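Data first, discussion second: the structure below is written as structure tokens.
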Amino acid sequence: MELIRKVPLKELAVFVIFSLIFVFSLVLVALIPQNKIEKNTLQSAEYLCSKPQFFNLIDGVKSTRLDRYADSILLGIAWQYDAEHPLESTMTSSYYTLDYQNENENLLEALRDHQPANQQYLRYWHGSNTIVRPLLMLTSIKGIYLINAVVLTLLLAILIFQLIRDRYYIPLAGLIISLLMTSVWVVPFSLEYTWTIHLMLLASIVILILNKKEKSSWYASAFLAFGMLTCFFDFLTTETLTLTVPLVLLLWIERDMTVKCYLKMTFAWGVGYVSTWLLKWLLASLVIGENALPYVSEHVAERIGGTQFVNLGIFSYLLGALARNLGCLFPFGYGIIGVLLGISLIIVYLYLAYVYRGKKIDKRRIGLFVIIALVPYVRYLVLHNHAYLHYFFTYRAQMATVLALIFVLDEMMDWGQLRRKRVHGKN
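Those letters in the sequence shown? Residues 122 to 548, by our numbering.
Here it is in structure tokens:
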């Protein structure tokens with residue numbers, strides 16, 4: 122009985138409610154008849170086949186690379202949902218594929234020839250189909266890309282409004298700089314990139330609302346919910362953003378945040394993310410009548426220490442994963458001029474931190490900021506196969522790093538000294 126009383130009922134309720142929403146929403150969209158989405162899905166497949174699976178929006182700039190491979194698979198799964206077996210089809214998440222064709226070609230063949238699914242993809246929820254499949258009744262993927270851009274702009278506008286209203290000018294500047302350095306303008310052009318960016322902005326908005334209304338008791342529940350939502354929607358892209366960005370914003374706002382509170386929110390997000398993933402594997406196993414864990418474990422092991430498409434020693438492998446992701450940050454990916462500009466920005470950063478350093482520096486806060494800044498690199502090292510191969514989108518997790526380092530600079534600097542020097546210089 123004592124153990125039961127210690128269970129956080131609010132968080133438990135959040136977990137149960139969101140879990141039910143996930144399952145029922147997937148089943149609901151699976152009930153949409155195939156013929157209702159056939160026209161727009163076919164147009165989407167033709168559009169995806171009009172360009173390579175991977176291509177750069179700006180020639181030679183890898184940070185602008187689009188991944189239409191994953192978008193083709195997502196639409197293939199959406200197409201194969203079976204209204205007669207909605208639960209089974211959403212749990213197995215099957216699609217049609219042939220090894221000798223690209224996935225966009227497989228999608229087109231599945232639509233034109235009504236080929237049945239022959240490959241399951243059950244290790245993810247593919248929850249974004251709760252949005253994509255209904256939209257396919259109205260528009261093709263080009264229209265969905267446009268809707269993505271509108272939603273991202275609206276969420277960003279709301280967050281910017283909140284920061285300006287509350288006079289949080291340092292976070293505002295940090296947010297804009299971090300978005301620019303991670304080329305957020307590319308995000309709406311790929312479904313795969315979209316969901317964690319939207320969730321990150323939404324999570325930041327929610328946390329600022331809770332802070333404004335002094336509802337700190339809801340922080341853990343919010344982080345739990347966004348951990349769950351991240352697992353539900355994400356395709357393993359920049360999943361840490363929905364934790365790190367709202368957490369670092371909150372840490373800047375609440376100067377007296379305790380380490381215990383910091384850890385509690387991190388733990389809540391982690392529990393939400395991991396438990397939602399485990400729930401998917403459990404449900405899939407129950408529905409298909411066999412243990413899905415060996416299949417999932419095989420792919421997890423590949424992402425952690427596998428050699429898929431990579432023939433490098435472990436040191437070069439790890440270093441390459443870090444270097445590739447760092448190299449995509451703006452402006453480093455824009456040739457020698459970009460590299461020189463990037464180095465210049467680092468020098469300016471170090472100059473300001475050293476010359477205008479304050480006398481009262483909160484080392485505890487700086488330490489917490491630095492921990493958040495390092496999260497993406499821990500992720501790159503742990504999932505080095507994934508980070509090495511998919512660096513052209515995983516690099517955006519460093520948005521939190523840029524933001525955290527700007528907060529470190531803010532904490533270290535004596536802004537009064539800088540203002541006095543400017544006034545003195547004018548005189």
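C-beta: ideal position from N, C-alpha, C; glycine also.
All of these numbers come straight from a predicted model, not from anything done at the bench.
Inter-residue Cα distance where the pair is residue i and residue j
| i | j | result |
| --- | --- | --- |
| LEU495 | PHE310 | 28 Å |
| GLU559 | CYS170 | With the chain covering 122 to 548 only, the question about residue 559 has no answer from this structure. |
| SER140 | THR397 | 8 Å |
| TYR455 | LEU178 | 13 Å |
| LYS385 | PHE143 | 24 Å |
| ASN156 | MET258 | 9 Å |
| TYR477 | TYR290 | 19 Å |
| VAL529 | VAL469 | 14 Å |
| ILE265 | ASP355 | 17 Å |
| SER210 | THR260 | 23 Å |
| LEU364 | PHE388 | 10 Å |
| ASP192 | ALA525 | 31 Å |
| ILE464 | LYS263 | 38 Å |
| ASP287 | VAL503 | 38 Å |
| LEU362 | SER299 | 12 Å |
| MET378 | GLY479 | 21 Å |
| LEU228 | PRO237 | 11 Å |
| ALA324 | LEU489 | 20 Å |
| CYS352 | ASN269 | 19 Å |
| VAL148 | THR317 | 22 Å |
| SER165 | LYS172 | 12 Å |
| LYS334 | LEU187 | 40 Å |
| LEU440 | HIS505 | 9 Å |
Buried or exposed (CB count within 10 angstroms, at least 16 for buried), residue i
| i | result |
| --- | --- |
| TRP306 | exposed |
| MET122 | In this prediction, MET122 scores a pLDDT of 35, lower than 50, which makes its location untrustworthy; no coordinate-derived value is stated. |
| HIS206 | exposed |
| GLN519 | buried |
| GLN222 | exposed |
| THR274 | exposed |
| ALA278 | exposed |
| ILE435 | exposed |
| VAL308 | buried |
| LYS555 | The structure shown does not extend to residue 555, since the chain is modelled only from 122 to 548, so the question has no answer here. |
| ILE467 | exposed |
| ARG376 | exposed |
| ALA442 | buried |
| LEU368 | buried |
| ASP180 | exposed |
Nearest neighbour of residue i, chosen from the options [CA to CA]
| i | options | result |
| --- | --- | --- |
| LYS336 | THR260, GLU532, LEU371 | LEU371 |
| VAL135 | SER342, GLY456, SER406, THR522 | SER342 |
| TYR242 | ILE142, LEU414, GLY479 | LEU414 |
| ILE285 | ILE326, LYS263, GLU159, ASN161 | ILE326 |
| PRO255 | LEU196, TYR168, LEU462 | LEU196 |
| TYR202 | SER146, GLU224, LYS183 | SER146 |
| TYR472 | ARG186, MET533, LEU399 | MET533 |
| GLU360 | SER406, GLU313, LEU187, ASP234 | GLU313 |
| LYS481 | TYR438, ASN446, VAL503, ASP535 | ASP535 |
| ARG486 | CYS352, LYS183, ILE374 | ILE374 |
| LEU329 | GLU411, ILE281, HIS511 | ILE281 |
| SER215 | LEU357, ASP234, ALA151 | ALA151 |
| ASN432 | GLU159, TYR509, VAL271 | TYR509 |
| ASP483 | TYR498, VAL460, ASP531 | ASP531 |
Beta-carbon separation (whole angstroms), residue i vs residue j, contact threshold 8 Å
| i | j | result |
| --- | --- | --- |
| TYR190 | PHE175 | 7 Å |
| LEU345 | LEU276 | Contact flag wrong, Cβ pair sits at about 21 Å. |
| LEU163 | LEU232 | 5 Å |
| MET302 | VAL523 | 5 Å |
| LYS401 | TRP200 | The pair is not a contact, with the Cβ atoms about 20 Å apart (cut-off 8 Å). |
| ASN446 | TYR501 | 6 Å |
| MET212 | ALA405 | 4 Å |
| SER184 | SER304 | 5 Å |
| TRP339 | LEU350 | Going by Cβ atoms, the distance from TRP339 to LEU350 rounds to 15 Å, so no, they are not a contact pair. |
| VAL380 | ALA521 | Contact doesn't hold; Cβ gap of about 18 Å is too wide. |
| ILE194 | GLU224 | 6 Å |
Minimum Cβ-Cβ distance from residue i to chain D less than 8 Å
| i | result |
| --- | --- |
| MET212 | No chain D is part of this structure, which consists of one protein chain only. |
> Taking contact to mean at least 3 C-beta pairs separated by less than 8 Å, is the stretch 242–257 in contact with the stretch 286–302?
Replying inline: no
> Given 8 Å as the limit, is there contact between the stretch 515–534 and the stretch 391–398, that is, 3 or more CB pairs closer than that?
Replying inline: no
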